[in-house]
Amino acid sequence: MQLAVDEVRVITYNTAGGNPRFRTLQSDLVTLPFYVEALTGAPGAPLLALQEVGAKQARALRRGARSGRARVLYVRRPGLGNALVIPDRFEVLSHQRRFYLASQLRGLARGLRRWHQDRQRQNWRQYAELRMSIEARLRDRRSGRRFTIFNTHLSIEPGLRDAQAESLLRRARAAALRGPVIVAADLNVRRPRGDPFEAPFAQLLREFPDMGTSPSAQADLDFILAAGFIPRRSRIWSGESLSLPGRPNAESVSDHLAEDDILRFSSAEPGGGELVTG
């Protein structure tokens, strides 16, 4: 795939490492076509944001990156993590791997209040499950432009999820002061049918609009948001477009479908696609 100089391709994919209904071998996932593109630095290779990445997949990603054509950033809690595969088109200027620690405490306080005052049932197991994010500041070697990309996976428990979304919004706003921003995420919130998003997601999507389309309900939890970019093309990897041995289609590989978007820098000015020649 050939991209214009000012275009960036991004894929977000939850690989279902934490879902016991899916027995996909984590080490097999690196043979999927867009993994191969990212790890080999193929023309048009995507920035690959992965969630629910198990230890075997993480090791396979690192082996795949030994050729020097890609870099893998990984953050994990016991059992699962998030990974960001960065093809060698992009120079990593800086990166941070974080847990939503303060958000966890705020979410716990909200959950306790809902349980005590409103008698709302809580999924207490979620409160012991730390969520994480990766933030990377990149320089596109082709265009010279700099931007920031986030990869994250928010909680399914509403109190925790909302607190984490508030934290994500603050971090994305801070990054946007330096230029364009991409947020690739499993937000664990569905796109509403007609009604607007509730806070804080409404504000997140106002400031960082949705770059993709979602023809499949399975893709509803997964988003590529951005500021400083405009959407050029979007697809969902579904059906027989994705398969593995014993897994004849995308729906049997994971309970999520990969969203694959091409974005274009909306401006060459600093703050909207900063151009750096040195």
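The opening residue of the sequence shown carries number 1 in the UniProt record's numbering; numbering runs sequentially from there.
We treat Cβ as the ideally placed atom computed from N, Cα and C, and that holds for glycine.
By a C-beta neighbour count over all protein chains shown, 10 Å radius and 16 as the cutoff for buried, is residue i buried or exposed?
i, result
"I230", "exposed"
"A217", "Residue placement at A217 is flagged as unreliable, the pLDDT there being 47, under the threshold of 50; a coordinate-derived value is accordingly withheld."
"Q117", "exposed"
"L84", "buried"
"G239", "exposed"
"T152", "buried"
"residue 285", "Residue 285 is absent from the structure shown; the chain starts at 1 and stops at 278."
"N52", "Correcting the residue identity first, residue 52 is Glu in this sequence and not Asn. Buried, because 16 or more other Cβ atoms sit within 10 Å of the Cβ of E52."
"V36", "exposed"
"E198", "exposed"
"V5", "exposed"
"A250", "buried"
"A58", "buried"
"E135", "buried"
Quick one: residues in its chain with C-beta nearer than 7 Å to the C-beta of residue i, no 5 flanking neighbours on either side, listed in chain order?
i, result
"D222", "T12, N14, D186, H256, E259"
"A176", "A227"
"W237", "A250, L257, A258, D260"
Using a Cβ-Cβ cutoff of less than 6 Å, which residues in the same chain neighbour residue i once the five nearest sequence positions on both sides are dropped?
i, result
"R137", "L93, S94, T148"
"R106", "A163"
"F99", "L130, M132"
"A49", "T12, L84, N151, A184"
"N19", "D255"
With a cut-off of 8 Å on the beta carbons, I'd call residue i and residue j a contact; round off their distance for me.
i, j, result
"residue 280", "V10", "Because the chain in this structure spans residues 1 to 278, residue 280 falls outside the shown range and cannot be described."
"R172", "V183", "This sequence places Ala at residue 172; Arg is not what is there. So it is a contact: roughly 6 Å between Cβ atoms."
"A16", "S267", "Going by Cβ atoms, the distance from A16 to S267 rounds to 37 Å, so no, they are not a contact pair."
"L108", "S133", "Incorrect: roughly 19 Å between the Cβ atoms, too far for contact."
"R76", "R142", "Contact flag wrong, Cβ pair sits at about 31 Å."
"L154", "N188", "5 Å"
Can you give me the Cβ contacts of residue i inside the same chain, cut-off strictly under 8 Å, excluding the 5 residues immediately before and after it?
i, result
"residue 292", "Absent from the model: residue 292. The displayed extent of the chain is 1 to 278, so no value can be given."
"P200", "D162, A165, E166, L169"
"E274", "Summary for E274: the model assigns pLDDT 46, below 50, so the residue's position carries little reliability, and this model does not support an answer."
"V276", "Unreliable placement is indicated for V276, whose pLDDT of 38 sits below 50; no coordinate value is reported for it."
> For the stretch 76 to 132, which segments carrying the alpha helix (DSSP H) assignment without a break, of at least 4 residues, lie completely within its bounds, in sequence order?
Replying inline: Complete alpha helix (DSSP H) runs here, min 4: 101 to 117, 124 to 127.
>> Check whether the stretch 225 to 242 and the stretch 199 to 213 are in contact - that is, three or more C-beta pairs closer than 8 Å.
In response: As far as the Cβ criterion goes, the stretch 225 to 242 touches the stretch 199 to 213, which means the pair count is three or higher.
> Is the number of C-beta pairs between the stretch 38 to 45 and the stretch 55 to 73 that are closer than 8 Å three or more?
Replying inline: Three or more Cβ pairs closer than 8 Å define a contact, and the stretch 38 to 45 meets that threshold against the stretch 55 to 73.
>> Please give me, in chain order, every unbroken run of the beta strand (DSSP E) with length at least 3 that falls completely inside the stretch 173 to 256.
In response: Taken in chain order, the complete beta strand (DSSP E) segments of 3 residues or longer contained in the stretch 173 to 256 are 181 to 186, 222 to 227, 229 to 237.
> Hey, which unbroken runs of the alpha helix (DSSP H) at 4 residues or more fall wholly within the stretch 30 to 61?
Replying inline: Listed in chain order, the complete alpha helix (DSSP H) runs (minimum 4 residues) inside the stretch 30 to 61 are 33 to 40.
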